[in-house]
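Using this note's numbering, read the sequence shown as starting at 2 and increasing by one per residue. First the structure, in the form of structure tokens, and then the observations on it.
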Amino acid sequence: MTKLLTAAPPPDTLPRRIGRVALGLALVFAGISHLTFSREEFQAQVPDWFPVDEDVTVLASGAVEIALGSSLVVLSRQRVAVGLIAAAFFVVIFPGNIGQWLEHKDGFGLDTDAKRFGRLFFQPVLVAWALWSTGAFSALRRARADRP
């Protein structure tokens, strides 16, 4: 894993760069919204079973989103590592989306079980977007091919 993170990243193509910056800016916007104008909406989405206070969860996840988004935009030399971390973040928050569906919690226009269920299919897209736009998919394939 260390070799994967310290190796030179794959070439940064224009479509990947645009995708990475777009994802980064979207995360920064989402993080700012966690901390300000959509704070209550996000609090309503924290699952009942989650052991941390809803407001603390929203503030912490917002700070993480701002940090990840900013890193996606400015840390191009570390983009593979940032992409892996962003993908992991999207995986870690996925149970919250499942909880919103199972607990029938409204938020951001997701006011039916069908809409909440449909949202679940977007999370793998975010994981793939983070891995593709940062070159992490390519780096993972290369690291796997280099294994003895």
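Just so you know, even glycine gets a beta-carbon here, dropped at the ideal spot from N, CA and C.
### Message
Please return the same chain residues whose Cβ sits closer than 7 angstroms to the Cβ of Pro11, not counting the five positions on each side in sequence.
### Response
Gly136, Ser139, Ala140
### Query
If you draw a straight line from the alpha carbon of Trp133 to that of Val93, how long is it in whole angstroms?
18 angstroms
### Message
Are the CB atoms of Leu28 and Glu55 within a distance shorter than 7 angstroms?
### Response
no
### Query
Less than 7 angstroms separating the beta-carbons of Glu41 and Phe109?
no
### Task
Would you mind working out which of Ala9, Asn98, Ala131, Trp130 sits nearest Val47, comparing C-alpha positions?
Asn98
### Query
Considering Asp49, what are the terminal residues of the alpha helix (DSSP H) in which it resides?
Element bounds for Asp49: n/a, residue is neither H nor E.
### Query
Which of the three DSSP states, helix, strand or coil, is assigned to Thr58?
helix
### Query
Do the CB positions of Gln124 and Phe90 come within less than 7 angstroms of each other?
no
### Message
Measuring only the C-alpha atoms, how far is Gly84 from Ala131?
### Response
5 angstroms
### Task
Within 10 angstroms of the Cβ of Ile86, are there 16 or more other Cβ atoms? Answer buried if so, exposed if not.
buried
### Segments assigned alpha helix (DSSP H), at least 4 residues, entirely inside the stretch 5-42
15-36
### Same chain, Cβ closer than 8 angstroms to Asp49, five either side skipped, listed in chain order
Gly100, Glu104
### Query
How would you write the range of the alpha helix (DSSP H) that Lys106 sits in, first residue to last?
No alpha helix (DSSP H) contains Lys106, which DSSP labels as neither H nor E.
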